[in-house]
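Chemist: So the sequences go chain by chain: L and P.
Residues in the first sequence are numbered consecutively from 1, following this note's numbering.
Residues in the second sequence are numbered consecutively from 342, following this note's numbering.
Each residue gets a CB set at the ideal place from its N, CA and C atoms; glycine is no exception.
What follows is a single structure, and I will ask about it in a moment.
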Amino acid sequence: MGVTSILRSYIFLRGVRAIVTVFVAITFTFFLIRLMPGNPIDVYIATLMGASGMSYQDAKNLALALFSINLDEPLWLQYLKYIWNVLHGDLGKSIVSVGTPVIKIIATFLPWTVFTVSTALIISFSLGILIGMVMAYRRGGKLDTVLTLTFSILSAIPNFIVGLLFIVFLGVQWKLVPFSMLRGAYSPYVEPGFTLEFIIDVLKHAFFPILTYVLTTIGSWALLMKSSTIATLGEDFVLLARARGLPERRITINYVGRNAILPLFTNLAISIGFIFGGSVLIESVFVYRGIGLRLLQAIYQRDYTVMQGIFLIITIAVILANYIADILYGVLDPRIRVGGR
Amino acid sequence: MPGENLILSIRNLNVVYWARRGWVKAVRNVSLDIYRGEVLGLVGESGSGKTTLALTVMKLLPTNAKILSGSILYYGLGKAVDLAKLSEKEIRKYRWKEIALAFQGAMNAFNPVMRIKDHFIETAKAHLGHVDEEEVLKEARELLKLVLLEPDRVLRSFPHQLSGGMKQRTLLALALLLRPKLIILDEPTSALDVVSQKVILETLRNIKREFSTTMILITHDLSIAAELTDRVAIMYAGKIMEVGGVEDIFYDPMHPYTRGLLKAVPVLKGTKEVESIPGSPPDLIDLPPGCAFHPRCPYAMERCRREDPPLVEVKPGRFVACWLYTKR
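Rendered as structure tokens:
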């Protein structure tokens with residue numbers, strides 16, 4: 001079997017696993033909503049009847065239309081219809097902002113979160129790796145000691161605390177940054193478009209959320225990379241590369257760096273999920289209009305259809321990110337590629 | 342022996358490691374000459390300083406090790422160069438181009454994310470600058486054939502796709518790529534099964550015949566030394582105890598430690614009893630006074646407990662560090 005076909009089968013197998021996971025997530029979402037005692041649909045029907053004096057039948061019809069569900073059908077048929085709808089991008093309609101499709105809400109808010117989260121992850125991962133390697137090469141030195149302590153403390157502070165500290169000190173105490181002007185993903189007076197003004201405005205608004213993510217995650221990358229680099233430096237192939245008279249630069253990048261980074265990719269996949277979860281807090285601290293903030297709003301308003309949709313999308317996003325990390329790992333490490341698992 | 346035949350001359354070399362408990366005296370006052378075209382066996386138990394000696398020659402010691410004194414004169418380029426005094430930048434030109442090292446870690450000697458062929462290409466590039474990759478691969482194929490491997494399959498492979506024995510032989514081929522004048526083989530057969538060991542030995546014999554490269558063969562296995570080497574140096578507790586021609590060492594061992602080693606080797610024929618040397622090697626941080634071997638030596642005298650015997654030439658080409666042979 002040629003290497004390309006092995007690679008293809010690895011990607012294929014990982015892909016099958018990702019699809020199965022998404023399917024399980026969709027199934028869970030479906031049954032959670034329906035099998036909970038006092039399920040959101042019943043609660044909503046009761047609310048409608050109480051608030052606007054609708055008859056049970058009217059309230060039920062309205063609720064079912066919003067949830068895209070027919071409760072009179074057998075469960076298996078509802079399930080199949082739900083799957084069918086999800087596959088067509090139909091996640092129902094918002095209960096609170098009546099009639100707005102959930103998918104449209106997600107399409108408005110998700111890109112901003114993906115933008116900030118992925119930018120932050122790229123910055124913190126690459127910077128953390130560089131710093132970690134420097135620390136490993138100078139282990140035991142002053143720089144290493146200072147950075148190890150700093151990073152240990154930084155990664156122990158919850159990210160929303162860091163965000164709050166920014167607002168309290170930079171915004172309120174010293175009045176250096178007008179945080180109230182930086183609410184939302186961009187200023188209302190700037191016309192969205194591919195203009196320099198808009199791009200700068202977007203970056204301004206995203207700056208502090210991104211900085212907060214980076215500050216709170218960079219420490220663990222640097223410390224992980226440091227220990228991984230130290231382990232790799234002790235490997236025989238590094239000693240032999242030096243015995244072969246290879247230039248130090250080449251050994252550092254192709255031998256030490258390239259191999260030390262491999263175990264970090266597993267953590268990269270895991271951290272994507274964590275950051276999505278963290279976005280709920282960070283975005284509400286900075287009032288950044290991303291999916292996290294919208295989810296929080298939906299929870300406050302008991303907007304079940306929106307919650308359900310966002311949960312599903314976040315789950316799919318995390319599974320997708322894991323899948324991409326898996327493929328990357330396979331490309332970077334030939335030993336995994338052949339494993340086929 | 343005439344000086345122009347020398348390729349490497351180690352003089353009064355002392356190397357220590359810093360450990361928590363104190364200084365580990367890994368190489369103690371070692372003087373050793375290696376002549377062009379010969380295979381020198383460096384034999385000793387694990388922990389006797391063989392590998393440290395090899396790493397010192399290439400200046401590959403870990404950061405907690407230090408060359409305290411001594412010189413390593415290399416004659417390969419016509420004039421004497423003291424390798425011990427070269428900077429990290431200068432020694433790089435000698436590594437692999439002049440002196441290659443194939444060590445026991447062959448299992449893990451190749452970069453796991455790189456194909457074997459790229460190891461050959463980058464090694465050539467590091468020393469010769471811009472090279473024609475096809476030329477390098479052509480040369481690599483020849484060498485891989487010499488070590489009894491399928492060249493194209495091996496070159497295409499990633500390290501994990503080769504067996505331990507194959508990796509060891511690939512490493513030998515890689516060691517020959519730049520035609521070094523000296524190859525140091527550190528335990529080339531340990532960690533391999535008997536069949537693979539046999540193939541390696543055959544390969545080494547091929548190399549010896551084809552290239553007449555000078556080799557230092559580090560091993561704890563006396564039978565391998567007997568099969569391949571011209572001369573043998575016996576090392577114990579960081580010190581050279583005895584040096585001599587391979588026949589002399591095996592048929593007429595002088596140092597009590599060498600005799601003990603030979604008695605500890607089982608034989609297939611005859612009724613010889615296998616005897617081990619009583620006691621165990623000394624702690625290299627806290628060595629006994631006098632000769633390091635005296636606590637285990639059946640011939641130990643009063644003097645052995647006080648003074649460390651120097652390595653002296655008792656017959657032409659025969660060196661022993663033992664008071665039994667030193668009349669002074």
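Starting from H468 of chain P, find everything on chain L with Cβ-Cβ shorter than 7 Å and list it in chain order.
Modeler: G245, listed in chain order.
Chemist: In its own chain, which residues sit with a C-beta less than 6 Å from the C-beta of I313 of chain L, not counting the 5 before and 5 after it?
Modeler: Around I313 of chain L: I106.
Chemist: Could you give the residue range of the beta strand (DSSP E) that holds L628 of chain P?
Modeler: Per DSSP, L628 of chain P belongs to no beta strand (DSSP E) and is neither H nor E.
Chemist: DSSP beta-bridge partners for T555 of chain P?
Modeler: P:L523, per the DSSP bridge assignment.
Chemist: Taking the alpha carbon of G309 of chain L as the reference point, which residue from L:N85, L:E73 and L:W76 has its own alpha carbon closest?
Modeler: Selected option, being the one with the closest Cα: L:N85.
Chemist: Compare the C-beta of N259 of chain L against all C-beta atoms of chain P and say whether one is closer than 9 Å.
Modeler: Closer than 9 Å to some Cβ of chain P, the Cβ of N259 of chain L qualifies, so yes.
Chemist: What are the boundary residues of the beta strand (DSSP E) that includes F311 of chain L?
Modeler: Premise fails: F311 of chain L lies in the alpha helix (DSSP H), Y304 to L332, not in any beta strand (DSSP E).
Chemist: Considering only their Cβ atoms, is the gap separating T392 of chain P from D527 of chain P smaller than 9 Å?
Modeler: Yes.
Chemist: Closer than 8 Å, Cβ to any Cβ of chain L: which residues of the stretch 550-561 of chain P, in chain order?
Modeler: Cβ contacts with chain L: none found.
Chemist: Looking at chain L, is there any beta carbon in it that lies within less than 9 Å of the beta carbon of M399 of chain P?
Modeler: Yes, contact with chain L.
Chemist: Kindly list, in the order they appear in chain L, the residues whose Cβ is closer than 8 Å to that of F461 of chain P.
Modeler: Per Cβ cutoff of 8 Å: no residues; F461 of chain P is ~10 Å from chain L at best.
Chemist: For chain L, find out if any of its Cβ atoms is closer than 9 Å to the Cβ of A421 of chain P; answer yes or no.
Modeler: Judged by the 9 Å Cβ criterion, A421 of chain P is not in contact with chain L.
Chemist: Indicate whether the contact test is met: 3 or more Cβ pairs, each with one atom in the stretch 375-387 of chain P and one in the stretch 346-356 of chain P, closer than 8 Å.
Modeler: Contact between the stretch 375-387 of chain P and the stretch 346-356 of chain P is present, because at least three Cβ pairs lie under 8 Å.
Chemist: Grab me the residues of D303 of chain L's own chain with a C-beta within less than 7 Å of its C-beta, minus the 5 sequence neighbours each way, in chain order.
Modeler: Excluding sequence neighbours, D303 of chain L sits near S94, I95 and V96.
Chemist: Taking three-plus beta-carbon pairs below 8 Å as touching, is the stretch 452-467 of chain P in contact with the stretch 251-260 of chain L?
Modeler: Yes, the stretch 452-467 of chain P is in contact with the stretch 251-260 of chain L.
Chemist: Mind checking whether C632 of chain P and E648 of chain P have CB atoms under 9 Å apart?
Modeler: The answer is yes: Cβ separation under 9 Å.
Chemist: Taking just the CA atoms, how far does V134 of chain L sit from Q297 of chain L?
Modeler: Their Cα atoms are separated by approximately 43 Å.
Chemist: When the cut-off is 9 Å and only beta carbons count, does K438 of chain P lie next to chain L?
Modeler: Yes, its Cβ sits closer than 9 Å to a Cβ of chain L.
Chemist: To the nearest angstrom, how far is the alpha carbon of V146 of chain L from that of S152 of chain L?
Modeler: Taking the straight line joining both Cα atoms gives about 10 Å.
Chemist: For R335 of chain L, which residues in chain P fall below 8 Å Cβ to Cβ?
Modeler: Here the neighbours are P453, F499 and H501.
Chemist: Suppose you measure from the CA of W112 of chain L to the CA of A269 of chain L; what does that come to, to the nearest Å?
Modeler: Their Cα atoms are separated by approximately 20 Å.
Chemist: Which class does M133 of chain L belong to by DSSP, given the choice of helix, strand or coil?
Modeler: Note: M133 of chain L maps to helix in three-state DSSP.
Chemist: Output needed for Y567 of chain P: all residues of its chain with C-beta closer than 7 Å, excluding positions within five of it in sequence on either side, in chain order.
Modeler: The question names Tyr, yet the displayed sequence has Ala at residue 567 of chain P. So the list reads V587 and F591, once near-sequence residues are dropped.
Chemist: Counting only Cβ-Cβ distances shorter than 7 Å, please list the residues of the stretch 171-197 of chain L near chain P, keeping chain order.
Modeler: Under the 7 Å Cβ criterion, the stretch 171-197 of chain L contributes no residue.
Chemist: Determine the direct distance from the alpha carbon of A243 of chain L to that of L424 of chain P, and round the result to whole angstroms.
Modeler: Rounded to whole angstroms, L424 of chain P to A243 of chain L spans 14 Å at the Cα level.
Chemist: Return the first residue and the last residue of the beta strand (DSSP E) that K656 of chain P is part of.
Modeler: Start and end: V653 to K656.
Chemist: Give the straight-line distance between the Cα atoms of C645 of chain P and M595 of chain P, rounded to the nearest whole angstrom.
Modeler: For C645 of chain P and M595 of chain P, the distance between alpha carbons rounds to 16 Å.
Chemist: Give me the DSSP bridge partner(s) of I42 of chain L.
Modeler: The displayed chain sequence assigns Asp, not Ile, to residue 42 of chain L. D42 of chain L is not bridged to any residue.
Chemist: I413 of chain P by DSSP, collapsed to three states: which one?
Modeler: It is a strand residue.
Chemist: Could you tell me whether the Cβ atoms of Q542 of chain P and A514 of chain P are closer together than 9 Å?
Modeler: First, the residue type needs correcting, since residue 542 of chain P is Leu and not Gln in the sequence shown. Cβ distance not < 9 Å, so L542 of chain P and A514 of chain P don't count as in contact.
Chemist: Rounded to a whole number of angstroms, what is the C-alpha to C-alpha distance between M1 of chain L and D459 of chain P?
Modeler: The pLDDT assigned to M1 of chain L is 49, lower than 50, so where the model puts this residue is not dependable; a value taken from the coordinates is nonetheless given after this. Roughly 22 Å separates the two Cα atoms.
Chemist: Straight-line CA distance for K81 of chain L to V98 of chain L?
Modeler: Approximately 22 Å, taken between the alpha carbons.
Chemist: Mind listing the chain P neighbours of R242 of chain L? Cutoff is C-beta to C-beta under 7 Å, in chain order.
Modeler: Result: L401.
Chemist: Tell me the rounded alpha-carbon separation between L427 of chain P and Y640 of chain P.
Modeler: Cα-Cα distance, rounded: 42 Å.
Chemist: Considering Cα atoms alone, identify which of L:A25, L:V280 and L:Y189 is closest to I83 of chain L.
Modeler: For I83 of chain L, the nearest C-alpha among the options comes from L:A25.
Chemist: Per the DSSP calculation, K580 of chain P is bridged to which residue(s)?
Modeler: K580 of chain P pairs with P:Y577.
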